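Structure first, then comments.
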Amino acid sequence: MKAVTPIATLALLFSLGTAHALELTPEAINTASLASIAHERPSKPSPEPDPAIVRLQALLDRAGSSPGVIDGLYGENVGKAVAAFETMNKLPSDGKLDPEVLARLVSGPPIVESYVITDEDAAGLVDHIPKDYGEKAKMTSLGYTSVAEKLSERFHMHTDLMKRLNPGTDFAPGKTIEVVTPGPPKEGKVKRIEVNGKIGQVLAYDGDGSVIAAYPATVGSSDNPSPSGTHKVKGVARMPVYRYDPKINFKQGKNDKILTIPKGPNGPVGSVWIDLTEPTYGIHGTPDPELIDKVGSHGCVRLTNWDAEELAGMVKPGVVVKFVD
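Read left to right, the sequence shown gives residues 373 to 697 (our numbering).
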């Protein structure tokens, strides 16, 4: 076989990458075969979005086993969602996409559908979100910074995937775009919550002891571990104002005074706070959904905003929250 020169290799890789990118269309996603996905997550997953993975993530999300952000990548959160889906369906929980798992992933409406952007979608935006808490405290709200970000979160998508599906779109009101349709929020009554810090996942159980929902989670960090043992839900606050106290919480930047940071989905705890009986700890949303279980938290349990909101809708004060390893 003739040796391939470095330039030819680059050209080949570029052409393959371009061809792969062209496959990321609504039709490609809606008709993608789940059987084309590797049964086990590769040690080095492709960095390019795969239409079949987008479809898998959306179906898992619809089934109540959240993969977190739908981005088309075969990340660890996908494997955890598959394992939780197996548990929910009384199958061996090994995280492998075997034929029985694929058979249980029931298809419904198309994964990608058209959506017309409204004036309301463009309302309440802010220019930027500063990193410094002192600067955050000067703002009136911590809303979304663009229509693309706002809709990406509504449809559980990574903003990069949103833009890849809608090349050249300015996301202005009246424009028609293509979005992933993950399905309505899960409903039910959660009686017990299990927070697994080792694998980074939250499982919600009903009164019969069955898992009714699962979420990827950031659970503390080595510097700021989450609490251990058993606690209870104390209450739920939606669009909470965040009170920063460096003596109780943690030190952020050079801020050494108590600050009141306004509400908004881009606030430090996202769009919802599930308060626990352990003081200062809770289960909450995040302004950075793509970082769930990829970076540590300051001790609390962090979910995507939409997962935290779904869970908040199924809990009441008194629900047991157990931290396990």
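No residue lacks a Cβ here, since even glycine has one placed at the ideal position from N, Cα and C. Predicted model only: the values in this text are computed from it and were never measured.
DSSP state of G581 mapped onto helix, strand, coil: Reduced to three states, the DSSP call for G581 is coil.
Alpha-carbon spacing of R564 relative to L533, whole angstroms: Cα to Cα, the separation comes out at about 34 Å.
Option in H500, V454, D647 with minimal Cα separation from T512: Closest in C-alpha terms to T512, from the list H500, V454, D647, comes H500.
Selected residue, minimal CA-CA separation from P539, among P398, P471, Y577, N621: Nearest of P398, P471, Y577, N621 to P539, Cα basis: P398.
A391, DSSP secondary structure in three states: Here the model assigns A391 a pLDDT of 40, short of 50, so the residue's position is not dependable, and the following value carries that caveat. Here A391 sits in helix by DSSP.
Sub-8 Å separation of P618 and D628 beta-carbons: Yes.
Cβ neighbour criterion (16 or more within 10 Å) applied to E703: Nothing can be reported for residue 703, as the shown portion of the chain is limited to 373 through 697.
CA-to-CA distance, V551 to R536, given in whole angstroms: Distance between the alpha carbons of R536 and V551: 11 Å.
C-alpha distance - K324 paired with A586, whole-angstrom precision: Since the first residue of the chain shown is 373 and the last is 697, residue 324 is not available in this structure.
Segments of 3+ residues assigned as beta strand (DSSP E) that fall wholly inside the stretch 483-551: 484-488, all fully within the stretch 483-551.
From T632, T676, I571, K503, residue whose alpha carbon lies closest to that of D697: Distances from the alpha-carbon of D697 to those of T632, T676, I571, K503 put I571 closest.
C-alpha gap between V426 and D443, whole angstroms: If you draw a straight line from the Cα of V426 to the Cα of D443, it comes to about 6 Å.
Whole-number beta carbon distance between V562 and Y577, since they are thought to touch under 8 Å: About 7 Å; that satisfies the 8 Å criterion.
Terminal residues of the alpha helix (DSSP H) in which N568 lies: Element bounds for N568: not the alpha helix (DSSP H) but the beta strand (DSSP E), 564-568.
Secondary structure of N677, DSSP reduced to three states: Three-state result, N677: helix.
Entirely enclosed alpha helix (DSSP H) segments - the stretch 448-475, minimum 4 residues: Fully enclosed alpha helix (DSSP H) runs of no fewer than 4 residues occupy 448-460 of the stretch 448-475, in order along the chain.
Those residues which DSSP pairs with H603 across a bridge: According to DSSP, which records beta bridges pairwise, H603 is partnered with V693.
Buried or exposed by the 16-neighbour rule on C-beta atoms within 10 Å, applied to D504: Around the beta-carbon of D504, fewer than 16 other beta-carbon atoms lie within 10 Å, marking it exposed.
Residues that DSSP places opposite S437 in a beta bridge: When DSSP reads this structure, S437 sits in a beta bridge with A586.
Endpoints, beta strand (DSSP E) assigned at I646: For I646, the enclosing beta strand (DSSP E) has its first and last residue at 644-648.
Proximal residues to N402 (C-beta, below 8 Å), its chain only, five neighbours per side dropped: Counting only Cβ-Cβ distances below 8 Å, and skipping sequence neighbours, we find R427, P482, I483, V484.
DSSP beta-bridge partners of G654: G654 is bridged by DSSP to D647.
First through last residue of the alpha helix (DSSP H) which encompasses I633: Counting along the chain, I633 falls outside any alpha helix (DSSP H), though it belongs to the beta strand (DSSP E) covering 631-633.
Spatial distance of G440 from P588 (CA atoms): The alpha-carbon of G440 is positioned some 6 Å away from that of P588.
7 Å CB neighbourhood of D679 in its chain, flanking five on each side removed: Excluding positions up to five away in sequence, the list reads S438, Y587.
Whole-number beta carbon distance between V691 and V605, since they are thought to touch under 8 Å: At roughly 4 Å, the Cβ-Cβ gap stays under 8 Å, so V605 and V691 are in contact.
Cβ-based neighbour list, S524, same chain, cut-off 8 Å, excluding 5 preceding and 5 following: Counting only Cβ-Cβ distances below 8 Å, and skipping sequence neighbours, we find H530, T531, L533, M534.
For Q429, the three-state DSSP class (helix, strand or coil): In the structure shown, Q429 sits in a helix (DSSP, three-state: H, G or I).
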